[in-house]
Each structure stands twice: as structure tokens, then as C-alpha cells.
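Below: one structure, written as C-alpha cells.
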Amino acid sequence: MSIRPPKQLSDAAQDPLAAALQHEAMAEKAGTLARLTGKLEAALAALAETEARLAAAGDDVPRLEARREERLALAGEALWHVVIQRELCGLRRHGAFLDHMGVPKPVRLRMGPAVIPAKG
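So the sequence shown is numbered by this note's numbering: it starts at 19 and just counts up by one.
Here it is in C-alpha cells:
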């Protein structure tokens, strides 16, 4: 059995070029996470708008229900992208984030690739 020092004490961790590269990679990951979170916010807002229209709809209900399903799928896909990026950034617990963002349960259940039926 051999004992090795922690990674942060190795020569590679003290290399300034490696540290600069790691810093730049983390900055890119954080920037991507911010963009994806913005897309999630937009998808959730579009879904909320469609649900409000559906609640006030008269005879246009079938079209609005189809629109709601489409926006629900897109919000689920946006959530999926954000969760993947959060995990790439080392953020493993998502419950508080989802609550803070106000992600409804139907979107959480649809997290994954969007399946949108073809029109026509």
C-alpha cells in the first residue's frame, strides 16, 4: 500500500499555466450555466403565459392545450440542459435551485429531450 499526497499538493496543481487553464474552463462553464439558466427562465415565463391564456380561454382551448404541451416539453428540455451544466460545474444538489426558480412539478417530470409532434 502506498500513500500519495492530496492532488492540490502535487506539482500539476502548482503549475500556473494549468491553474490559468482551469480558471478559464470554469469561467466558460459558469458563463454557459448563466445562459442556460436565462433560457430556462424564458421557457418558464412562456409556459406561464400559455397557462394564463388557457385559463381565460373560451373556444380556442384545443390549440392552447397543444401550445401548452409544446412549451412544457421545451421547458423540460431547458431544465435538463441547466441540470447537466450545473453538474459539470460541480453543483450536485438541485432541489433548492429548482424551488428558487419556481420550476413546477410538470416541468420537473418532463426533464429531458423535448418530444414535439410534427405539425401537419
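Every residue, glycine too, gets a C-beta built ideally from N, C-alpha and C.
Within 7 Å, strictly: CB atoms of residue i and residue j
i	j	result
Leu62	Ala93	yes
Ala132	Glu95	yes
Ala64	Arg89	yes
Thr55	Val125	no
Leu116	Leu58	no
Ile134	Ala75	no
Lys47	Leu127	no
Contact belief for residue i with residue j at Cβ below 8 Å, rounded distance in angstroms
i	j	result
Arg110	Leu51	That belief does not hold up - the Cβ atoms of Arg110 and Leu51 are roughly 14 Å apart, past 8 Å.
Status (buried if at least 16 other CB within 10 Å, exposed otherwise) for residue i
i	result
Arg81	exposed
Met44	exposed
Val79	exposed
Contacts around residue i, its chain only, beta-carbon distance under 7 Å, and the 5 residues preceding and following it disregarded
i	result
Arg71	Leu82
Glu69	Arg86
Chain-order list of residues whose beta-carbon lies under 8 Å from that of residue i (same chain, five-residue window excluded)
i	result
His41	none
Lys123	none
Chain-order list of residues whose beta-carbon lies under 6 Å from that of residue i (same chain, five-residue window excluded)
i	result
Gly120	none
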